[in-house]
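Novice:
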Amino acid sequence: MTTPIEVRNLTKRYDTVTALADISFSVQAGEIMGFLGPNGAGKTTTLRILTGMIGPTSGSVLVDGLDVTERTLEVRRRIGYLPETVVLYPELRVREYLDYRARIKGVGRRTRAARIAEVLAQCALEDVTRKLIGRLSKGYRQRVALADCLLAQPNILILDEPTVGLDPHQIRQTRELITSLGQTTTILLSTHILPEVEMTCQRVAIIDKGRIVAVDTPERLRRRLQGSQLVHVQLRGDASTIEAALKQLPGVARVTAQGRLDGLAAFEVQADAGADVREAIFRLAVERQWALLQLAPTQVSLEDVFIHLTTQEQEPVVANQEPAHV
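Numbering (my numbering), first residue to last: 184 to 509.
(1) Beta strand (DSSP E) containing Leu514: first to last residue?
(2) My guess is that Asp391 and Thr493 are in contact by the Cβ rule of under 8 Å, so how many angstroms apart are they, rounded?
(3) DSSP three-state label for Ile232, please.
(4) Look up Val191 in the DSSP assignment and say whether it is helix, strand or coil.
(5) Sort Asn222, Ile188, Arg466 and Gly225 by Cα distance to Ile262 and report the nearest one.
(6) Going by other Cβ atoms of all chains shown within 10 Å of its Cβ, with 16 needed for buried, is Val277 buried or exposed?
(7) For Lys321, collect the residues of the same chain with a Cβ closer than 7 Å to its Cβ; drop the 5 residues on either side in sequence, then sort them by chain order.
(8) Pop quiz: Tyr280 and Val327 are said to be a contact at Cβ under 8 Å. What is the actual Cβ separation, rounded to whole angstroms?
(9) Which residue comes first and which comes last in the beta strand (DSSP E) that contains Thr201?
(10) Under three-state DSSP, which class holds Ser411?
(11) Determine the DSSP secondary structure at Ile166, reduced to helix, strand or coil.
(12) Does the beta-carbon distance from Pro401 to Leu485 come in below 8 Å?
(13) Threshold first: 4 residues or longer. Then list the alpha helix (DSSP H) segments lying entirely within the stretch 314 to 375, N to C.
(14) I'd like to check one pair, Leu203 with Ser373: are the Cβ atoms closer than 8 Å?
(15) Sort out for me which residues DSSP pairs Ser423 with in a bridge.
(16) Report all residues from its chain with a CB closer than 8 Å to the CB of Ala454; omit the five preceding and five following residues, and keep chain order.
(17) So, at 6 Å on beta carbons, what are the nonlocal neighbours of Gln417 in its own chain, with the 5 sequence-adjacent residues on each side left out?
(18) Classify Gly442 as buried or exposed, calling it buried when 16 or more other Cβ atoms lie within 10 Å of its own Cβ.
(19) Please report the straight-line C-alpha distance between Leu315 and Leu275, rounded to a whole angstrom.
(20) Going by other Cβ atoms of all chains shown within 10 Å of its Cβ, with 16 needed for buried, is Gln497 buried or exposed?
(21) My output table needs one value for Val396: the three-state DSSP class, helix, strand or coil.
(22) Based on Cα-Cα distance, which residue from Thr439, Trp473 and Arg292 lies nearest to Asp421?
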């Protein structure tokens, strides 16, 4: 089976500035992949090369096995692209605009009206079909642009910040739509909203300073960063005495005080690799007659992973190119 998106040793230079430095990754059929990176990391440059808007300095991009630089028009027909900055026609009404775009994209006359009605429903635009685009809110304009992407029923969607300008309710609707589309469509999703990525994407690629620093599932990236068990503990008692006792427990690698409030002392306890210290902490509290208010594992978030990988000089995480099975 042909890989929908395959990026091989891609480099892009602008005079003396290297925007992308020999990056490689792939997106598998039916996969929703998150594409993350800080501002200026090279995300938008990568997406523009993928969609044939600009050419690479070296390397290649294959979309459904087609080289983007050699067969640009064919590639564009297979992709629905939502850029970060949406350009629409403000003087057209929503339905007029989608009809115009459907004609350009070759949607047949017999199916055009039904297809427009379908994307209007998918993107929750049925109440504004007769409104001028120029009078819509930014959130509605974003949804019109997303409806445009879906008109020709592309096999591949490339979405650059699709929830920009949306309110929380609209963000949830868009997330549900993307998840639904991911059942039949390959999606590359660039966004800075990390909780959205954790709820939507099977894998993520993280880019920093023009280089791919990680490609893996969110869960495996979290496990790699955490390395060992972290436990949040709240006890009632003398903080210094509790801290000293926790440090003496077998399997405890580190104890970090997290403050004291209303007689409660809070700590983060890190265990040695492979150790589970929760039972030992519970027994210690019983023996010392300390009231145990909380004993819970602390999970490393995707935000923690992102910050760790994009703020330190380090070797890239070995990429796992196999799609996650969900």
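All C-beta atoms in this analysis are idealised placements derived from N, C-alpha and C, irrespective of residue type, glycine included. This one's a predicted model, so the numbers in the text were calculated from it and none came from an experiment.
Specialist: With the structure as the only source:
(1) For the chain, the structure presents residues 184 to 509; residue 514 sits outside this window and is missing.
(2) If you number the sequence shown from 1, residue 391 lands on position 208. If you number the sequence shown from 1, residue 493 lands on position 310. Yes, they are in contact, since the Cβ atoms of Asp391 and Thr493 sit about 4 Å apart, within 8 Å.
(3) In the sequence shown, residue 232 corresponds to position 49, counting from 1. In the structure shown, Ile232 sits in a helix (DSSP, three-state: H, G or I).
(4) For the purposes of this step, residue 191 is taken as residue 8 along the sequence shown, with counting starting at 1. Note that residue 191 is Arg in the sequence shown, not Val. Note: Arg191 maps to strand in three-state DSSP.
(5) Within the sequence shown, the letter at position 79 stands for residue 262. Among Asn222, Ile188, Arg466 and Gly225, the Cα nearest to that of Ile262 belongs to Ile188.
(6) Your numbering for residue 277 matches position 94 in the sequence shown. Label assigned to Val277: buried.
(7) Here the question's residue 321 lines up with position 138 in the sequence shown. So the list reads Gly348, once near-sequence residues are dropped.
(8) Here residue 280 refers to the residue found at position 97 of the sequence shown. Here residue 327 refers to the residue found at position 144 of the sequence shown. Correct: roughly 7 Å between the Cβ atoms.
(9) Working through the sequence shown from its first residue, we reach residue 201 at position 18. Its beta strand (DSSP E) spans residues Val200 to Val210.
(10) Residue 411 sits at position 228 when you count from the first residue of the sequence shown. Correct three-state label for Ser411: coil.
(11) Nothing in the structure corresponds to residue 166, since the chain is present only between 184 and 509.
(12) Counting from one through the sequence shown, the residue named residue 401 turns up at place 218. Counting from one through the sequence shown, the residue named residue 485 turns up at place 302. Contact: yes.
(13) 321 to 333 and 351 to 364
(14) By 1-based counting over the sequence shown, the position of residue 373 is 190. By 1-based counting over the sequence shown, the position of residue 203 is 20. Their beta carbons are not under 8 Å apart, which means Ser373 does not touch Leu203 by this criterion.
(15) Against the sequence shown, residue 423 aligns to sequence position 240. Per DSSP, none; premise fails for Ser423.
(16) Taking the sequence shown and counting its residues from 1, one reaches residue 454 at position 271. Within the same chain, Ala454 has close Cβ partners Ser411, Gln412, Leu413, Val414, Gly434, Val435, Ala436 and Val460.
(17) Against the sequence shown, residue 417 aligns to sequence position 234. Result list for Gln417: Leu447, Ala449, Leu476 and Gln477, in chain order.
(18) Against the sequence shown, residue 442 aligns to sequence position 259. When all chains shown are included, Gly442 counts as exposed.
(19) For the purposes of this step, residue 315 is identified with residue 132 of the sequence shown, where counting begins at 1. For the purposes of this step, residue 275 is identified with residue 92 of the sequence shown, where counting begins at 1. Going by the C-alpha atoms only, they are around 6 Å apart.
(20) By 1-based counting over the sequence shown, the position of residue 497 is 314. Bear in mind that a pLDDT of 49 at Gln497, under 50, signals an unreliable position, so the model cannot answer this.
(21) Taking the first residue of the sequence shown as 1, we reach residue 396 at position 213. Of the three classes helix, strand and coil, the one that applies to Val396 here is strand, per DSSP.
(22) For the purposes of this step, residue 421 is taken as the residue at position 238 of the sequence shown. For Asp421, the nearest C-alpha among the options comes from Trp473.
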